[in-house]
Amino acid sequence: MKIAIDGPAGAGKSTLARELAKIMGFIYIDTGAMYRAITWKVIRENIDIDNETAVRDLAEKTRIHFEINSQTQKIICDHEDITSVIRSPQVGDLVSRVALFPLVREILVKQQQEMARNNSVVMDGRDIGEIVLPDADFKFFLTAEIEERARRRTEEFNQAGYSVTADSIRDDLNRRDKSDYQRPVGALKVLEDSIIIDTTDLTVAEVLKRMLAIIRGE
Ligand code: CDP
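Under this note's numbering, the first residue of the sequence shown is numbered 1126, with each subsequent residue one higher.
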């Protein structure tokens, strides 16, 4: 079975995808982490972020995989554990510029499809229902109002030890949403077969319950 979850930042995708995968016994694939991994490497190797060919070359020689055990999931990039560093505000600021490049998307989409080939998966991102897993059994579109998404993201950053303000996070999310919705290739969009859930006033448990009821046909 393939379950696709798309939506803007802070809508609850990764939390829900992780919980859902645990309950269903499926593999969780966080595609945003892969775009973040390339972005992190662009910063570290001082690559010109506006040079598509250079970023494509970097993506091509980068090996990304997910290391899964019963409790945690790590993202490994060329043998290095980058699970925490890719969540920095700096990577968040720049990631949508890397995700804009069709040549980079092509490489990552292929890898994501390969990861899903012989597995039941829950995959979250922006283009999963349309491009990565067009035959997914369920295509969820999670969304929430901008103020609530900014509140959640600010709390996450503060808990992780970054001092950020809600205003700067709201600006970042707005900028990223705009780029994610408007890019020519792999844009975030509601599809004809999307199942839309607005999580603004729902707890994680409530969203999970709704998703499970839909999957189980209740
Ligand atoms: O967790 P959050 O929603 O902030 O971001 P993420 O899921 O880690 O994705 C970070 C960025 O990667 C997004 O803003 C998109 O620009 C890009 N992305 C994408 O283009 N396509 C995907 N399938 C997943 C992420």
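Don't be surprised by glycine CBs; every beta carbon is placed ideally from N, CA and C.
None of these values were measured; they are calculated from a predicted model.
Beta strand (DSSP E) segment containing residue i, residue limits
i        : result
Ile-1193 : 1189-1193
Asp-1292 : From DSSP, Asp-1292 is part of no beta strand (DSSP E) but of the alpha helix (DSSP H) over 1291-1307.
Asp-1323 : 1320-1323
Lys-1199 : 1198-1202
Ala-1129 : 1127-1131
Contact belief for residue i with residue j at Cβ below 8 Å, rounded distance in angstroms
i        : j        : result
Gln-1237 : Val-1257 : 5 Å
Ser-1304 : Leu-1225 : 7 Å
Lys-1140 : Ile-1253 : According to the sequence as given, residue 1140 is Thr; it is not Lys. Contact flag wrong, Cβ pair sits at about 16 Å.
Val-1332 : Gly-1150 : So it is not a contact: roughly 19 Å between Cβ atoms.
Asp-1152 : Asn-1244 : Here residue 1152 is Ile; the residue named in the question, Asp, does not match the sequence. Rounded, the Cβ-Cβ distance is 5 Å, consistent with contact.
Local Cβ density within 10 Å of residue i, reported as buried at 16 or more and exposed below that
i        : result
Asp-1249 : buried
Arg-1242 : exposed
Val-1246 : buried
Val-1180 : buried
Thr-1178 : exposed
Ala-1129 : buried
Gly-1217 : buried
Thr-1324 : buried
Residue interval of the alpha helix (DSSP H) (run including residue i)
i        : result
Lys-1334 : 1329-1340
Asp-1182 : 1177-1185
Tyr-1160 : 1156-1169
Glu-1144 : 1138-1149
Q. Within the chosen definition, does the segment 1199-1213 reach the segment 1292-1309 through at least 3 CB pairs nearer than 8 Å?
A. no
**Q.** Start-end ranges of the alpha helix (DSSP H) lying completely within the segment 1205-1270, minimum 4 residues
**A.** 1214-1223, 1227-1241
Q. Does the segment 1268-1283 come close enough to the segment 1294-1303 that 3 or more CB-CB pairs lie under 8 Å?
A. yes
Q. Should the segment 1224-1233 be called in touch with the segment 1158-1173, which here means at least 3 C-beta pairs below 8 Å?
A. yes
Q: May I ask you to verify whether the segment 1196-1208 touches the segment 1277-1291, counting CB pairs closer than 8 Å and requiring at least 3?
A: no
Q) Are the segment 1128-1135 and the segment 1302-1319 in contact at 8 Å, needing three or more beta carbon pairs? A) yes
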